[in-house]
Amino acid sequence: PHLVAVESSVAMPTPSVVAAADRAKAVLLPDAAVRPTKLFLGGLTRNTTTKQLRDHFSQYGRILDCVAMRQPDGRPRGFGYVTLDSLAAAERCLAEPQVIDGRVVDMKR
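Residue numbers (this note's numbering): 33 to 141.
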């Protein structure tokens with residue numbers, strides 16, 4: 033087998049074009065503090081509902097998504113997720129122990 037060098041006809045952007053694109057992207061992308069952040073919630077009781085999670089975490093910020101996971105037959109799996117609208121709200125949650133349905137919940141980002 034022979035290797036053949038092929039010249040690419042794809043134009044590569046110049047560094048100044050890349051820098052301008054990065055600046056434009058920085059303007060369009062939200063600040064890290066307002067980036068949606070998903071938290072894992074472990075150690076939920078079998079009675080903890082999605083509504084309880086939503087009610088509890090809404091004190092920290094806007095809830096974009098929230099779920100207490102269940103088996104296909106409806107049995108609780110003992111964990112869930114909450115997505116808050118900002119990193120700052122998630123950090124406030126992580127800064128203190130969260131007690132939901134009488135149990136301290138294990139939380140991870």
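Where a beta carbon is used, it is the ideal one built from N, C-alpha and C, also for glycine.
Open item on the list: Since residue 114 and residue 76 should fall inside the 8 Å C-beta cutoff, what is the C-beta to C-beta distance between them, to a whole number of angstroms?
Closed with: Not really, about 11 Å apart at Cβ, beyond 8 Å.
- [ ] Label residue 73 either buried or exposed according to how many other C-beta atoms from any shown protein chain fall within 10 Å of its C-beta, with 16 as the threshold for buried.
- [x] buried
- [ ] Inspect the CB distances between the segment 98–107 and the segment 119–129 and report whether three or more fall short of 8 Å.
- [x] no
Open item on the list: Does residue 69 come out as helix, strand or coil in the three-state DSSP assignment?
Closed with: strand
Open item on the list: Which same chain residues end up closer than 6 Å to residue 78 when comparing Cβ atoms and leaving out the 5 residues on each side of it in sequence?
Closed with: 108
Open item on the list: Please state whether the Cβ-Cβ distance between residue 116 and residue 81 is less than 8 Å.
Closed with: no
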